[in-house]
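For the sequence shown, the residue numbers in full-length UniProt numbering are 1 to 555.
Every residue, glycine too, gets a C-beta built ideally from N, C-alpha and C.
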Amino acid sequence: MLLLVGVALGLVLFHSGMIVGPLTPTVFFLFMLPPIVFDAGYFMPNRLFFDNIISILVYAVIGTVWNALTIGASLWAIGLTGIFGYEISLIEMLLFSSIISAVDPVAVLAVFEEIHVNEVLYIIVFGESLLNDAVTVVLYHMFEGYTEMGIPNILPIDYFSGVASFFVVSLGGTFIGIFFGVMTAFLSKFTTPVAVIEPMFPFIMGYLSYLFAEMFHLSGILSLIFCGITMKNYVVENISNKSHVTVKYVTKMLATASETIIFVVLGVSTVNDSHEWNTWFVLFSILFCSVYRAIGVVVLSWFLNKFRLHQLNAVEQFIMSYGGLRGAVAFALVLIIDKNLIPSKDMMVTTTIAVVYFTVFVQGMTIKFFVRILKVPQQSDKTLTMNERLHSTLIDHVMGGIEEVADQFLGNYKIRDRFKYFNNKYLRRFLTNNSQIQEPKIFETHSKLNLIDAMKMVNSGSKLTLDPGASISTLLKSYTSANLSQQPKDEENGVVNQSPLMNLDIGELSYNPSFKDLNDSQIHHILDDAMFKPSNRRELGADINIKNKMEIHFI
1 MLLLVGVALG LVLFHSGMIV GPLTPTVFFL FMLPPIVFDA GYFMPNRLFF DNIISILVYA
61 VIGTVWNALT IGASLWAIGL TGIFGYEISL IEMLLFSSII SAVDPVAVLA VFEEIHVNEV
121 LYIIVFGESL LNDAVTVVLY HMFEGYTEMG IPNILPIDYF SGVASFFVVS LGGTFIGIFF
181 GVMTAFLSKF TTPVAVIEPM FPFIMGYLSY LFAEMFHLSG ILSLIFCGIT MKNYVVENIS
241 NKSHVTVKYV TKMLATASET IIFVVLGVST VNDSHEWNTW FVLFSILFCS VYRAIGVVVL
301 SWFLNKFRLH QLNAVEQFIM SYGGLRGAVA FALVLIIDKN LIPSKDMMVT TTIAVVYFTV
361 FVQGMTIKFF VRILKVPQQS DKTLTMNERL HSTLIDHVMG GIEEVADQFL GNYKIRDRFK
421 YFNNKYLRRF LTNNSQIQEP KIFETHSKLN LIDAMKMVNS GSKLTLDPGA SISTLLKSYT
481 SANLSQQPKD EENGVVNQSP LMNLDIGELS YNPSFKDLND SQIHHILDDA MFKPSNRREL
541 GADINIKNKM EIHFI
């Protein structure tokens with residue numbers, strides 16, 4: 001829809017005589033793309049992403065190279081017949097195919113967030129679109145360099161340097177992102193006294209990681225993704241809740257605004273008089289993009305299913321093939337081509353626009369129909385209860401032990417357990433505030449449960465019968481079990497029995513115990529009350545009560 005709005009606006013501007021410049025690669029890569037990538041990295045589901053990282057890398061690296069080589073070679077072979085009207089060399093055709101072979105993260109994010117497919121399918125397609133940036137950049141610059149050198153002057157060492165540059169670009173960008181993510185987490189420890197600057201650091205450091213990687217011709221997208229993945233868990237614990245909400249909504253706002261501007265400007269930029277339409281070149285490009293994408297997905301999925309616990313069935317493979325959308329990244333890259341070096345640049349630009357429009361309009365607008373017809377499992381919005389989270393953690397530890405006994409070197413559960421141990425023992429102590437690393441996750445959940453109970457009591461204005469010296473945990477337990485909404489009535493008169501009641505004033509609570517006493521009491525009563533008693537709180541998932549040494553002073 002945004003593309004159509006841009007095209008309509010472009011037609012109005014074009015026929016009114018106003019000259020509108022195209023979407024320049026500099027503006028796109030430096031200002032429009034980073035907010036979208038940062039949003040994807042900062043809100044990336046880490047566990048789901050790293051559980052499927054091998055599959056994502058296989059599709060992103062091997063799949064992209066397969067598409068680039070097969071599309072380029074096929075177009076070159078068809079071009080030998082003279083049907084395109086240009087004598088395009090194999091290297092020039094491979095340069096063009098490297099541009100249109102990669103899945104675009106902007107288009108995939110816009111479409112797959114709307115159709116709500118299951119988490120595994122979403123993370124594989126979206127992860128592929130993010131991580132294939134390094135492959136696209138390396139292939140583009142490699143074939144561009146080969147074109148400048150000329151095929152007769154290419155030496156065997158040049159091919160090895162192209163392969164080595166892939167590892168330098170991808171790993172270099174990843175390490176830069178992790179470094180800036182760690183620095184952001186460390187700096188956020190000291191921003192508590194000045195809360196107004198807390199939301200600034202994630203944006204500033206994330207953008208610096210992107211610029212730093214691009215400055216050294218590394219993958220800025222990978223740098224920004226891993227910067228967001230690294231920083232988010234530590235930054236959330238260091239900054240205040242208000243700052244966290246600010247970061248969350250500003251990130252979403254910037255990403256949505258950038259996505260809107262990209263599609264509108266892309267539509268406006270396509271309306272000009274410098275196009276060179278070649279029907280056969282457009283048709284064969286679209287055909288080969290679709291066919292080789294499907295072949296690559298099927299072959300790679302067959303190989304990966306031999307090792308995956310969650311098998312990718314035929315329906316999911318079809319959605320992955322059909323969801324290989326191209327977008328603004330391909331359009332921005334094709335504009336960089338030097339026309340003096342490749343005379344057929346205008347034809348390639350027009351063909352790239354046609355491929356983008358076909359994948360976005362035809363595939364993007366019909367994929368929701370196929371998802372519904374083929375009954376693809378949808379994303380679940382269910383929130384895990386406390387009981388489910390505890391059992392999930394237990395299963396993770398059991399599976400980690402099994403993988404350790406079975407001596408699986410790359411077992412997911414074993415690697416996750418070892419990283420959690422290293423993270424809790426070293427990284428969190430260095431990157432988070434001391435007050436945050438003292439409490440395990442179960443204590444955090446318990447605090448939320450007690451806070452919900454207290455807020456319910458305050459909002460309902462209920463009165464409670466209290467004995468002098470009674471603890472707050474006893475009060476909350478009696479409130480939960482009695483529900484406080486059904487007060488006993490006098491059977492004879494039918495009126496509420498007014499027993500001696502007192503108002504609970506939260507402001508009159510005072511904490512007397514030391515931190516050690518409070519922590520010991522928490523551990524004791526969680527083990528005694530929560531873990532060995534049946535749950536009687538369906539809404540909150542568990543009945544966790546901590547009997548702290550607290551005194552209630554009545555005025």
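The C-alpha of F96 lies about 7 Å from the C-alpha of G72. Along the length of the segment 374 to 430, whole alpha helix (DSSP H) runs at least 4 residues long occupy 386 to 405, 412 to 422, reported in chain order. Remark: C-beta atoms of G17 and V268 do not approach each other more closely than 9 Å. In chain order, P34, V37, F38, G41, G177, G206, S209, Y210 place their CB closer than 7 Å to the CB of L224, counting only its own chain and leaving out the 5 sequence neighbours on each side.
Under DSSP, V117 takes part in a beta bridge, and its partners are Q378. Between the segment 259 to 278 and the segment 236 to 244 there are fewer than three C-beta pairs closer than 8 Å, too few to call the two in contact. Comparing alpha-carbon positions, the option among A257, T192, I286, L222 lying closest to S240 turns out to be T192. DSSP places F167 within a helical segment (H, G or I) once states are collapsed to three.
In the structure shown, V194 adopts coil according to DSSP, grouped into three states.
A straight line joining the alpha-carbon of F166 with that of N459 spans about 59 Å. If you draw a straight line from the Cα of L312 to the Cα of N305, it is about 7 Å long. Taken through DSSP and simplified to helix, strand or coil, Q311 comes out as coil. Rounded to the nearest whole angstrom, the CA to CA distance from F203 to F49 is 22 Å. With a cut-off of 8 Å on Cβ pairs, the segment 134 to 154 is in contact with the segment 86 to 105, counting three or more such pairs. Boundaries of the alpha helix (DSSP H) around E237: 220 to 238. H217 sits in coil when the DSSP states are folded into three classes, being neither helix nor strand.
At a cut-off of 4 residues, the continuous stretches assigned as alpha helix (DSSP H) that sit fully inside the segment 52 to 79 are 53 to 57, 64 to 79. CA-CA distance, M93 to A332, rounds to 17 Å.
Per the C-alpha coordinates, the member of I452, L431, K425, G82 positioned closest to F281 is G82. CA-to-CA, the gap between G85 and T351 works out to about 14 Å. For I100, the enclosing alpha helix (DSSP H) starts and ends at 90 to 100. By the Cβ test, the segment 23 to 32 is not in contact with the segment 282 to 296, since fewer than three Cβ pairs between them sit closer than 8 Å. In this structure, the straight-line span from the alpha carbon of T385 to that of S392 is close to 10 Å. Straight-line spacing of the CA atoms in I415 and G400 works out to 8 Å.
Between I221 and Y122, the alpha-carbon positions lie close to 19 Å from each other. Contact annotation: L139 and V58 have beta-carbon atoms that are not nearer than 9 Å. A contact is defined here as three or more CB-CB pairs under 8 Å, and the segment 313 to 331 meets this definition with respect to the segment 359 to 372. Distance from the CA of I337 to the CA of Y426, rounded to the nearest whole angstrom, comes to 48 Å.
If you draw a 10 Å sphere on the C-beta of L130, you find 16 or more other C-beta atoms in it, and that means buried. Going by DSSP, I342 is part of no alpha helix (DSSP H) at all; its letter is neither H nor E.
T184 is not a Cβ neighbour of I342, given a cutoff of 9 Å. The C-alpha of S89 is placed about 40 Å away from the C-alpha of T256. The Cβ neighbour count for W302, taken over all protein chains shown within 10 Å, is under 16; the residue is labelled exposed.
With fewer than 16 other beta carbons inside 10 angstroms of its own, K382 counts as exposed. Around V297, the same chain offers Q317, M320, S321 as residues with beta carbons nearer than 6 Å, after the five sequence neighbours per side are excluded. In this model, D417 and H397 are separated by some 7 Å (Cα to Cα).
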